[in-house]
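For reference, the structure discussed in these notes is given below.
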Amino acid sequence: MIHLRNLPSIVVTLGMSFVWLGLAILVLPTPGGKAPDWLRALMTWKTPLVPFTIYALLALAVVVHFGLMRSALGVVLRGVGGNPRSVERAGWSLLKAKVIMFAFAGLFGMFSGLSLVGLTTSGDANIALRYTLLSIAGVILGGGEFTGGRISPVGAVIGAMTLTLAGSFLSFLRLNPDWQIGAQGAILILVLALRVIINRAEASGL
155 MIHLRNLPSI
165 VVTLGMSFVW
175 LGLAILVLPT
185 PGGKAPDWLR
195 ALMTWKTPLV
205 PFTIYALLAL
215 AVVVHFGLMR
225 SALGVVLRGV
235 GGNPRSVERA
245 GWSLLKAKVI
255 MFAFAGLFGM
265 FSGLSLVGLT
275 TSGDANIALR
285 YTLLSIAGVI
295 LGGGEFTGGR
305 ISPVGAVIGA
315 MTLTLAGSFL
325 SFLRLNPDWQ
335 IGAQGAILIL
345 VLALRVIINR
355 AEASGL
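Here's what the structure looks like:
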């Protein structure tokens, strides 16, 4: 659909998230089940200084960074978002490149789902409702662009961690959960506004 109708990826992603949510509710109407023992043990593994998930996120960010920034395939995948015509001129099939790109996205989505199940120890179709927008916000906060072609894997992880820590800090301040979401949105708007100002300053040669 994205390739044939040239639809924005982010719009289709958000639309399909509601489809998957509906299917998840049909499969598991109420919270239940139990996470595998190995998954719970992995996600609660006690490591020095910081939790295991922090190490895992940083390691994943570094691996993906080198994969996207230093490999030929990474150049092609970034080109799909930034300059699709250059990808075709280089002899790559644009459809094939998009399939690979979304396959990686699905793989990382699966890892995210497994991590969440390991942390919560059970299944709940409604537990991750806010993570769709938070994941997009984390990428943008970390230096990515809505239009594609510009991405920082390390920045995306740091952006997601910043938003999560901001939510935890606001909870520590006993701020109403409804206001927490608004505060996270305000942080994102502020960062985007600063980025626009910086880009305009660079364009004008200041």
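Residues in the sequence shown are numbered consecutively from 155, following my numbering. We treat Cβ as the ideally placed atom computed from N, Cα and C, and that holds for glycine.
| CA-CA distance, residue 254 and residue 220? | Residue mapping note: residue 254 aligns to position 100 of the sequence shown, counting from 1. Residue mapping note: residue 220 aligns to position 66 of the sequence shown, counting from 1. Cα-Cα distance, rounded: 17 Å.
| task | Identify, in the order they occur along the chain, each residue of the same chain with its Cβ nearer than 6 Å to the Cβ of residue 139, setting aside the five sequence neighbours on each side. | result | Outside the shown range of the chain, which is 155 to 360, sits residue 139, and nothing can be said about it.
| field | For residue 296, three-class secondary structure by DSSP | value | Residue numbering aside, residue 296 sits at position 142 when the sequence shown is read from its first letter. Residue state for residue 296 is assigned as coil, using DSSP reduced to three classes.
| message | Looking at the strands, I want to know which residues DSSP matches up with residue 277. | response | As a working note, residue 277 is residue 123 in the sequence shown. In the DSSP assignment, the residues bridged to residue 277 are 186.
| said: Could you compute how far the alpha carbon of residue 369 sits from the alpha carbon of residue 245? | reply: Look at the range of the chain in this structure, 155 to 360, and you will see that residue 369 is not part of it.
| request: Would you mind listing the alpha helix (DSSP H) stretches within the region 281-355 that are 4+ residues and don't spill past its ends, in chain order? | output: Note on the region 281-355: whole alpha helix (DSSP H) runs with a minimum of 4 residues are 285-295, 307-326, in chain order.
| Nearest-angstrom Cα separation, counted from residue 276 out to residue 187 | Locating residue 187 in the sequence shown gives position 33, where the first residue counts as 1. Locating residue 276 in the sequence shown gives position 122, where the first residue counts as 1. So the alpha carbons of these two residues sit roughly 5 Å apart.
| said: Within a Cβ cutoff of 8 Å, which residues of the same chain sit near residue 218, ignoring the five residues on either side of it in sequence? | reply: Residue 218 sits at position 64 when you count from the first residue of the sequence shown. Counting only Cβ-Cβ distances below 8 Å, and skipping sequence neighbours, we find 307.
| said: Between the alpha carbons of residue 202 and residue 269, how many angstroms are there, rounded? | reply: By 1-based counting over the sequence shown, the position of residue 202 is 48. By 1-based counting over the sequence shown, the position of residue 269 is 115. Going by the C-alpha atoms only, they are around 20 Å apart.
| said: Among 339, 173, 333, whose alpha-carbon lies nearest the alpha-carbon of residue 314? | reply: Residue 314 sits at position 160 when you count from the first residue of the sequence shown. It is 339.
| message | Rounding to the nearest angstrom, what Cα-Cα distance links residue 238 and residue 165 in this structure? | response | Taking the sequence shown and counting its residues from 1, the one referred to as residue 238 is at position 84. Taking the sequence shown and counting its residues from 1, the one referred to as residue 165 is at position 11. Approximately 18 Å, taken between the alpha carbons.
| Local conformation of residue 169 per DSSP, three classes | What you label residue 169 is simply residue 15 of the sequence shown in a count that begins at 1. Helix at residue 169.
| So what does DSSP say about residue 207, is it helix, strand or coil? | Working through the sequence shown from its first residue, we reach residue 207 at position 53. If DSSP states are grouped into helix, strand and coil, residue 207 belongs with the helices.
| Does the Cβ of residue 317 have 16 or more other Cβ atoms within 10 Å, making it buried, or fewer, making it exposed? | Stepping through the sequence shown from its first residue, residue 317 is reached at position 163. Of the residues assessed, residue 317 falls on the buried side of the cut-off, its CB having 16 or more other CB atoms within 10 angstroms.
| task | For the alpha helix (DSSP H) containing residue 227, list its first residue and its last residue. | result | What you label residue 227 is simply residue 73 of the sequence shown in a count that begins at 1. 226-236 is the span of the alpha helix (DSSP H), which, as asked, contains residue 227.
| field | C-beta contact flag for residue 272 and residue 194 at 9 Å | value | Position 118 of the sequence shown, counted from the first residue, corresponds to residue 272. Position 40 of the sequence shown, counted from the first residue, corresponds to residue 194. Cβ distance < 9 Å, so residue 272 and residue 194 count as in contact.
| The alpha helix (DSSP H) enclosing residue 195, as first and last residue numbers | Sequence index remark: in the sequence shown, residue 195 carries index 41 (1-based). Per DSSP, residue 195 belongs to the alpha helix (DSSP H) from 191-197.
| By how many angstroms is the C-alpha of residue 324 removed from the C-alpha of residue 249? | Here residue 249 refers to the residue found at position 95 when the sequence shown is read from its first residue. Here residue 324 refers to the residue found at position 170 when the sequence shown is read from its first residue. So the two alpha carbons sit approximately 43 Å from each other.
| Are residue 291 and residue 215 closer than 9 Å when you measure CB to CB? | Along the sequence shown, read from residue 1 onward, the residue named residue 291 stands at position 137. Along the sequence shown, read from residue 1 onward, the residue named residue 215 stands at position 61. Contact: no.
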